[in-house]
Amino acid sequence: LDTLPDALGSLASLRYLNCASNRLAALPAELGKLANLVELRLYHNQLATLPDSLGELAHLRELHAMDNALTGLPQSIGGLAALRKLDLQDNQLTSLPGALGKLRSLAELNLRNNRLAALPPSVANLDSLRHLDLRANPLQMLPAGLADLPHLEKLDLRWTRLSLLPAWLENLERRGCLVYV
């Protein structure tokens, strides 16, 4: 499958959409009309971008977009208020929008194996975050606000370029968070 039909937007009651393992290079803007969608699987495609209309999926709880060619995310991602799981592993992300910090329900964020040298300070607003996977990114520093995430249980920093580990990592470990470096 190379493309999705624009008629996809007429499936307003659709709750689950699996477009994994295709040859999709783009998604139609009509995707934003799927008002009842709770899970979207886009992994193993050729997507370089996600449409701005993605932010209109107010009920979306899981977005799986790993193993694509994503270089960035739209600011509209901040509109995904119900999102609990965001998997962006194995892409080419070089930066993240500040709007990511609006995802207050997000519990799992997988950014493993991207090209991120830094995280936006807004990640400190992800109050529900439990698991943060940053493995295999060229990260050189972390926002200090990560230390204040009240529910963080697992932080994976293996294979990053952190030359100096922040002192606050010890506080996370004392609190019971598993920190992998």
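Per the numbering used here, the very first residue in the sequence shown carries number 3; after that it's consecutive.
We put the CB at the ideal spot given by N, CA and C, even for glycine.
Computed from a predicted model, the values in this text were never measured in an experiment.
| field | Alpha-carbon spacing of residue 19 relative to residue 49, whole angstroms | value | 16 angstroms
| Assigned secondary structure, residue 176 (DSSP; H/G/I helix, E/B strand, else coil) | helix
| According to DSSP, what are the bridge partners of residue 43? | 20, 66
| field | Of the listed residues 138, 36, 105, 135, nearest to residue 127 (C-alpha basis) | value | 105
| query | When you compare each of 15, 26, 17, 22 to residue 7 by their alpha carbons, which one comes out closest? | reply | 26
| query | So, are the CB atoms of residue 102 and residue 124 less than 8 angstroms apart? | reply | yes
| query | To the nearest angstrom, how far is it from the Cα of residue 81 to the Cα of residue 12? | reply | 21 angstroms
| said: Pop quiz: residue 117 and residue 95 are said to be a contact at Cβ under 8 angstroms. What is the actual Cβ separation, rounded to whole angstroms? | reply: 6 angstroms
| said: Taking the alpha carbon of residue 115 as the reference point, which residue from 109, 99, 132, 141 has its own alpha carbon closest? | reply: 141
| query | Helix, strand or coil: which one does DSSP assign to residue 157? | reply | Residue 157 falls in the strand class under three-state DSSP.
| message | Using a 10 Å radius around the Cβ and a threshold of 16 neighbouring Cβ atoms, would you call residue 14 buried or exposed? | response | exposed
| task | Compare the C-alpha of residue 147 against each of 135, 171, 138, 165 and name the closest. | result | 171
| request: Can you give me the start and stop residues for the beta strand (DSSP E) that residue 111 sits inside? | output: 110-112
| Rounded C-alpha distance that separates residue 79 from residue 135 | 19 angstroms
| message | According to DSSP, is residue 181 part of a helix, a strand, or is it coil? | response | strand
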